[in-house]
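The structure appears below as structure tokens.
Numbering (this note's numbering), first residue to last: 31 to 83.
So this is what it looks like as structure tokens:
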């Protein structure tokens, strides 16, 4: 049981550390996840309507 609790604490600590590191990097550089949250700019498609149907 002690081994399980130790492993759980290590995994939780590493996960928390990674989350803090990513958050600080996002605050410092600012564009780490910008490409994921950016909306795609779409160009409107012009369709010529043919009146000879």
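Note that beta-carbon positions come from the ideal geometry of N, C-alpha and C, so glycine has one too. From a predicted model like this one, the values you see are computed outputs, not experimental measurements.
Item, Value
"Extent of the continuous alpha helix (DSSP H) to which residue 44 belongs", "32 to 59"
"Distance, residue 38 Cα to residue 31 Cα", "11 Å"
"Pairwise C-alpha distance: residue 57 and residue 33", "36 Å"
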